[in-house]
Structure formats: structure tokens, C-alpha cells
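Trainee: The structure's right below; bear with me while I get my questions together.
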Amino acid sequence: MADKPIQGEKRMFMTGNEVCAYAALAANVDVMYGYPITPQNEIMHYWTRLAPKHNRTFLQTEDEISAGFTTCGGVMSGKRCFTATAGPGNTLMQEAMSMAEMMRIPAVFIIQQRGGPSTATVIYSQQEVTMTCFGANGEGLRVVYSTSSHQELFDYTIKSFNVAWKYRFPTFVLGDGYQAKMRESVTIYDPEARGIQMVDTYPLVGLPGMPGVDRDPAHLRNTYNTEEELYEVVKDLVDAYEKMAPEIVEHSTMECDDADVVILCHGIVSRAAIEAVRNLRAAGVKAGFFRPITLRPFAKDALRPIAEKAKKLLIVESSQGQFAKIVTDALYGLTTPMETIFKPGLGITSDEIVNKVKAMI
Amino acid sequence: MTLVDLDVVEPFYTLRPIKRELEAKGMTVIAWETRDTMGLGEAGTLIRGDMLWSLHREGDIVLDIGYGVEGSKTLNLLHGVGEQKDLRINAVINASRPMTASVDDIIEHVRALGRVDALINNTHLADETDIALIREGARLVSEAAQVLNLPVEATAADEKFRGSLTEDDVLGQPIRFLTRYMPRTFW
């Protein structure tokens, strides 16, 4: 057995993609399946350099359709597996992700968002929110963590494997090209050193004993015969998802208690928003900040009282309202005025947010 | 002084937000501008003629060739790289990077690069850097350099350490104090 890839914990200076590869190693992942696409390539690059040293495996597939399904297959064999992709690759993987929802396959997907539609840019956007949360045919029965820093990329990549295997829903780490490529300091650690136990994995197929005699059949299905049969299955899936939701939903807030304007954003845009709130508060403007960490499930119960109390809301995102759709759905019925900064595929600075908030009050 | 962006690993990305700022300081910057490119980073990496011939320029020429083995191969594309007796290839080592965090890792990394003439210790954690960290980096890089039979050209450190960091802290290595422009590049 090779040494643990990370002994204890240490402070390092890394790219976000590098962080994801190390987090997967630390989480005791067995296999990464993948097909290259910018801006996630270095997750594969680092994994392929590190994996042989630690008895882990990598399979490059012929495309993202295959990468998604081989990840599901690896998981079904009882291995802790993941893949990483972006943009058009995320599009191609949706069928496998949908199958993972239906068959409760605990696969983990790391998405580093790039510009869209289509090939667009390789650099940055928040335009994969709708697709990552609700892509493919189905009901969006996924867990989606939207990270804002390298530390969160490390923490939530590890957490994703445990949430996926504990609750048996496909789980996503939603980063972006900025997080993927930029370098910053991060504490990487052995989960055990922090008291985090990795949830045991187990095979979903090929179980010992005769099905129907020694045990119930595993009976993993994604095909059903009648509308009524499917309806029962989907209702059960939705019930299981809704039962899980309160246990895993996460958000963070800043200065919301007396805020006249609450800024709503997610992912890396939160960093600009936090800076904006600090600057606005220093200038005597009562601004606050709400950020869902899980986009699916969404922290609706936490947001509604804050939104109701605020005088105005400002939604800020690097897409044309994909995040706003989730927010407005959660806030249906409230009448708090809402304004937006939508910059699809473009970064957002704290100054822009500050100026917008000042114009709103 | 001419700065040449030959970074084909992260093509076009890193210099473009500050290209004009550097030029305003009197440097010649040979790098793409966003308006001159198409399919940034995805549609193939284009090396211009003035990049290929950059070693034939007068004065000091600094080539940024990106990171890792693939980055170092870029040098082979330059005209005159074999004959240019003044060319010096420095491997910049940050011991806070996981792949170069130990003496053995630094040795493995540098050996994979091909020709390297000297090492530079640039161990840092961005704004969290302290003198103890720079010292430890100097020790690791120095030990690796001995095994590799290479000189340590210098230790690089943020300008804010001028006055507090001395050559005694870094095993007598010359110190190059750096003004950091990259935090101002948006991404």
C-alpha cells in the first residue's frame, strides 16, 4: 500500500484544478474517467501524474458520453469514481448523469464552467448552472455544490464523495475557469486527520448469492414499462431527495440582519460581493450578502426571511439569469424589489457591485 | 528589456491584462492582444514570427515559457536556441507547490525539464508568505541544486520583504525583490 498522498495537513499554493486532483486522492478515490476539455484538463493531468504513485487508476475515454457512463460503471462495481468536464462536455454527459439520478448511482462530477452557448470560450462563466442543476430529462435529483475558493474546492470535492455514497444521488462540484486556473493558498489535508471518515463504497451489481433465493435482486433499472410504474419510481426518488435536502443544504450570509440591500450570488462571484459589502459598509451603506453553497438543493427556507426583510435585492451572476431563475422560484410570492447584474461569460468586480448598490438606494 | 510570452501551456491568458501597463514602463512585450486572437486558447496556439526570432534582439530578453515539461519544449521552436551562448535557462521553484515541495520532488521535476542552467527559489504563498517560508524554500532548493549540480541563481521575494529579508536568511543567495503585477490581472 502506497503512503497516503497527504500526511496530516499542509498549506500549499496551487491551481484549482490541481486542488481537485489532490482532493480526489485524499478522498481515497479509486478511478478517474475523463476526456479532455479546457478549463478542467489539469485535473486529469495531475491525476494521471499522481495516480500511479498511489495505486489509483485513470481511463481516458473516447468522448464525454463515455466518460460519464464509465464513471457510472466504475461506481456500480463498488469503486469510488469521478470525472471532470466543462461546457460542451457537460452537455454530452447529461445522459449518464440522468441515469445516475434514476439508478441512484453515487457518481461525482467536477464541472469547471466555461463560456457558452456551444464551444464559446474556454475561460470562464457561470452559464452551466441550469444544466448542472437540472440538465437532461428528469427532475434534477442531484446535489450541486457551487464553490468560491480553492479551499472550498478541496473541502467540497472530498465532501461530494461522502454525500454521494451516503445518500446515493449524483453529486457535483461546480467550479469555473477562474477557479480552475488561478493559483491561491489552500490547506490540503488527510480527511482522517480532521476526523472525516470516508463513507464505505460497495458494489451495486455482481453481488454474491442467487438473486431471488439468497437475496433480493439488485434490479438497477432506468427503463420502465408503464406511466404508472414510472410515476411510482419517480415519486419515491423525489421523496428520498426531499428527505435528504434539509440534511445537506448549505448557505452563507454576511451582514444580512439590518441590510437594506441584500446581494445574492453564488460561486466565485461571491468573492466580489463580499468585498463589495465590506466597501459599502465602510461607506455607511447597509448592504448584506446571501450565497447558496448548495444550488441543489437550494436554501429556500434560509433565504426567504432574509429577502422578505430586505428593502431591495440584487442578483449578480456571470450568466443571463440562470441563477436568478432559481432564486425567483424560491422567492415566489414575495414582493421585495429585485435588480440584477447579468454578465454572461464575464467576470464581475466588486466595484461594479458597489456602484450598482449605490444606484439602487 | 524584452518580455516574450511563449506560454503555450496557458496560452494568451496571463499577460494580456497587463501588457499595455508593462509597455508603458518601457518594456517591449511580445505577446498577443485579445483583439488579435480568435478562439482564445482553444483553437490552437499561434506563435508569431517575432516570438520565434526573439533571441536575436538586442538587450535583455526574458522568455516566459509556461510550466512543466510541455512548457520547456517550447524553447525548441525558437530560432538560434542551440547557438545562443547567452541563453540561460532558469527553473523557478516554489516549494509551496505540491509537485516541488520536497528535495526529491524538486530533483524529479527539474530533471524532467531537459536543459536547465540554474534554479531560482521563488517559494511563496502569495500574501501569506513569511520569511520562515522563504528560508525553508531556499534550503530545499539549495539541497536539490547540489544533487543536480546546478547553481542557485537567486531567491525571489516580494518587495515588501526588502529590509527584513537578508542574504543570510537564504544561504547567501542573491535576493531579487519582486513587484507583483499579477494580482492586478483579473484572472
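Those protein sequence lines, which keep their order, are chains L and X.
Take 6 as the starting number for the first sequence in our numbering and just add one per residue.
Take 1328 as the starting number for the second sequence in our numbering and just add one per residue.
Every residue gets a Cβ at the ideal spot worked out from N, C-alpha and C, and that includes glycine.
Give the straight-line distance between the Cα atoms of ILE346(L) and SER355(L), rounded to the nearest whole angstrom.
Mentor: Looking at the two C-alpha atoms, the distance is approximately 12 angstroms.
Trainee: What is the DSSP secondary structure of GLY1398(X), reduced to helix, strand or coil?
Mentor: In the structure shown, GLY1398(X) sits in a helix (DSSP, three-state: H, G or I).
Trainee: For ARG199(L), I'd like the list of residues in its chain whose CB is within less than 8 angstroms of its CB, leaving aside the five on either flank, ordered along the chain.
Mentor: Hits under 8 angstroms: GLU14.
Trainee: Give me the Cα-Cα distance between PRO1344(X) and MET1509(X), rounded to the nearest whole angstrom.
Mentor: Their Cα atoms are separated by approximately 9 angstroms.
Trainee: Can you name the residues of chain L whose CB is closer than 8 angstroms to the CB of HIS1451(X)?
Mentor: Correct list: PHE18.
Trainee: Taking Cβ to Cβ, would you say VAL1430(X) is nearer than 9 angstroms to GLU1470(X)?
Mentor: A contact, by the Cβ cut-off of 9 angstroms.
Trainee: Counting only beta-carbon atoms, is GLU1455(X) nearer than 9 angstroms to chain L?
Mentor: So yes, GLU1455(X) belongs to the interface.
Trainee: Determine, using beta carbons only, whether GLU133(L) and ILE116(L) come nearer to each other than 9 angstroms.
Mentor: Result yes, Cβ atoms of GLU133(L) and ILE116(L) sit closer than 9 angstroms.
Trainee: Taking the alpha-carbon positions, what's the ALA1358(X) to VAL267(L) distance?
Mentor: Going from the Cα of ALA1358(X) to the Cα of VAL267(L) covers about 41 angstroms.
Trainee: Can you name the residues of chain L whose CB is closer than 8 angstroms to the CB of PRO1425(X)?
Mentor: The contacting residues are MET17, MET19, GLU23, TYR27 and ILE193.
Trainee: Run through DSSP, which three-state label would VAL34(L) get?
Mentor: Coil.
Trainee: Grab the span of the alpha helix (DSSP H) containing ARG276(L) for me, first residue to last.
Mentor: First-last of the alpha helix (DSSP H) with ARG276(L): 274 to 287.
Trainee: If we cut at 9 angstroms on Cβ distances, does ALA1471(X) have a partner in chain L?
Mentor: Cβ-Cβ to chain L under 9 angstroms: no for ALA1471(X).
Trainee: Would you mind stating whether PHE174(L) and PRO111(L) have Cβ atoms separated by less than 9 angstroms?
Mentor: Contact: yes.
Trainee: Let's see if you can read the secondary structure: which residues bound the alpha helix (DSSP H) around ARG1462(X)?
Mentor: That run of the alpha helix (DSSP H) goes 1458 to 1475.
Trainee: Just grab the DSSP bridge partners of CYS86(L) for me.
Mentor: Looking at the DSSP assignment, CYS86(L) forms a beta bridge with VAL36(L).
Trainee: Just checking: is the beta-carbon of SER275(L) within a distance shorter than 9 angstroms of some beta-carbon in chain X?
Mentor: Closer than 9 angstroms: no.
Trainee: Smallest Cα separation from GLU1455(X): which of LYS317(L), ARG16(L), VAL282(L) and THR258(L)?
Mentor: GLU1455(X) has its Cα closest to that of ARG16(L), out of LYS317(L), ARG16(L), VAL282(L) and THR258(L).
Trainee: Between the C-alpha atoms of CYS138(L) and ASP1444(X), what's the straight-line distance to the nearest angstrom?
Mentor: Between CYS138(L) and ASP1444(X), the C-alpha separation is close to 50 angstroms.
Trainee: Ordered along the chain, which non-local residues of its own chain (more than five positions away) have a Cβ less than 8 angstroms from that of MET6(L)?
Mentor: Residue placement at MET6(L) is flagged as unreliable, the pLDDT there being 45, under the threshold of 50; a coordinate-derived value is accordingly withheld.
Trainee: Threshold first: 3 residues or longer. Then list the beta strand (DSSP E) segments lying entirely within the region 102 to 149 of chain L, N to C.
Mentor: Runs found: 113 to 118.
Trainee: Is MET343(L) helix, strand or coil by DSSP?
Mentor: Here MET343(L) sits in strand by DSSP.
Trainee: In chain order, which beta strand (DSSP E) runs of at least 3 residues are fully inside the region 193 to 269 of chain L?
Mentor: If we require 3 residues or more, the beta strand (DSSP E) runs fully inside the region 193 to 269 of chain L come out as 256 to 259 and 266 to 269.
Trainee: Hey, does GLU144(L) have any beta-carbon neighbour from chain X nearer than 9 angstroms?
Mentor: No - not a single Cβ of chain X is within 9 angstroms of the one on GLU144(L).
Trainee: Please confirm if ARG367(L) has its CB atom under 9 angstroms from at least one CB of chain X.
Mentor: For chain L, the structure presents residues 6 to 366; residue 367(L) sits outside this window and is missing.
Trainee: Starting from ARG1438(X) and walking both ways along the alpha helix (DSSP H), at which residues does that stretch end?
Mentor: Segment 1430 to 1439, the alpha helix (DSSP H) holding ARG1438(X).
Trainee: Which partner residues does GLN45(L) have in the DSSP bridge list?
Mentor: None; GLN45(L) has no bridge partner.
Trainee: Going by Cα to Cα distance, which pick from ALA105(L), ASP263(L) and PRO310(L) is closest to GLY81(L)?
Mentor: Note that residue 81(L) is Met in the sequence shown, not Gly. Nearest of ALA105(L), ASP263(L) and PRO310(L) to MET81(L), Cα basis: ALA105(L).
Trainee: Output, in chain order, the set of chain L residues within a Cβ distance shorter than 8 angstroms of ASN1476(X).
Mentor: Here the premise fails: no neighbours, minimum Cβ distance about 25 angstroms.
Trainee: Using the rule of at least 16 other Cβ atoms within 10 Å of the residue's Cβ for burial, across every protein chain shown, is ARG147(L) buried or exposed?
Mentor: When all chains shown are included, ARG147(L) counts as buried.
Trainee: Should ASP334(L) and LYS291(L) be called a contact, given that it needs their Cβ atoms to be closer than 9 angstroms?
Mentor: Not in contact: ASP334(L) and LYS291(L) (Cβ atoms no closer than 9 angstroms).
Trainee: Can you find a C-beta in chain L that's less than 9 angstroms from the C-beta of ASN1421(X)?
Mentor: Chain L contact via Cβ: present.
Trainee: Would VAL210(L) and PHE166(L) be called neighbours here (beta carbons separated by less than 9 angstroms)?
Mentor: It is not a contact, given that the beta carbons lie outside the stated cut-off.
Trainee: Secondary structure at MET19(L), three-state DSSP: helix, strand or coil?
Mentor: Of the three classes helix, strand and coil, the one that applies to MET19(L) here is strand, per DSSP.
Trainee: Verify whether the separation of the beta carbon atoms of THR1450(X) and ALA1465(X) is less than 9 angstroms.
Mentor: Yes; because the gap between Cβ atoms is below 9 angstroms, this pair is in contact.
Trainee: Nearest-angstrom Cα distance between VAL321(L) and VAL274(L)?
Mentor: C-alpha separation (whole angstroms): 7 angstroms.
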